[in-house]
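In this text, residue positions in the sequence shown follow this note's numbering: the first is 1047, and each later residue adds one. The C-beta atom is built at its ideal place from N, Cα and C for all residues, glycine as well. Please read all numbers here as calculations on a predicted model, not as lab measurements.
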Amino acid sequence: MKTARGMKIVSDDETQLHSLGELMRVFGSAKRYAFNRLLEGRGAKDIIKHLPHQFRLNKRYAEDAVLLVQSLISSQRELLPTRLEDVQAKIHPIKSVLLS
């Protein structure tokens, strides 16, 4: 189990905001990279080992990026049949109108 801490930025210091923005940008890039590597079939452990070197992140951020991407992929795989049913349900009435 992981523990997360929420924080609020109370200072208007531009350097802190810039650092936070940079961290968010790099973390987003790491998630995109992990997503593409998982779709290519690479293992999660290999990706976790590679991310800190590629994006200068610590191991926890690398693990979190891969975990978020894995959950995204699994939820999309779960939702795909439902989405296909919805699209086919929309196509059927249109098809019957066009063919009649």
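Applying the 10 Å Cβ sphere with the 16-neighbour rule, what's the burial state of residue i?
i, result
"Ala-1044", "Given that the chain is displayed from residue 1047 to residue 1146, the structure contains no residue 1044 and the question cannot be resolved."
"Val-1115", "buried"
"Asp-1059", "exposed"
"Asp-1135", "A quick correction: the sequence has Ala, not Asp, at residue 1135. Ala-1135 should be labelled exposed."
"Lys-1077", "buried"
"Val-1112", "buried"
"Leu-1126", "exposed"
How is residue i classed by DSSP in three states: helix, strand or coil?
i, result
"Val-1133", "helix"
"Ser-1057", "coil"
"Ser-1146", "coil"
In the DSSP assignment, find the alpha helix (DSSP H) that holds residue i and state where it starts and stops.
i, result
"Asp-1082", "Reading off the sequence, residue 1082 comes out as Asn, not Asp. Its alpha helix (DSSP H) spans residues 1060-1086."
"Leu-1097", "1090-1101"
Given 6 Å as the limit, tell me if residue i has its C-beta closer than that to any heavy atom belonging to the ligand COA.
i, result
"Tyr-1079", "With respect to the ligand COA, the structure shown offers nothing to examine, as it has no ligands at all."
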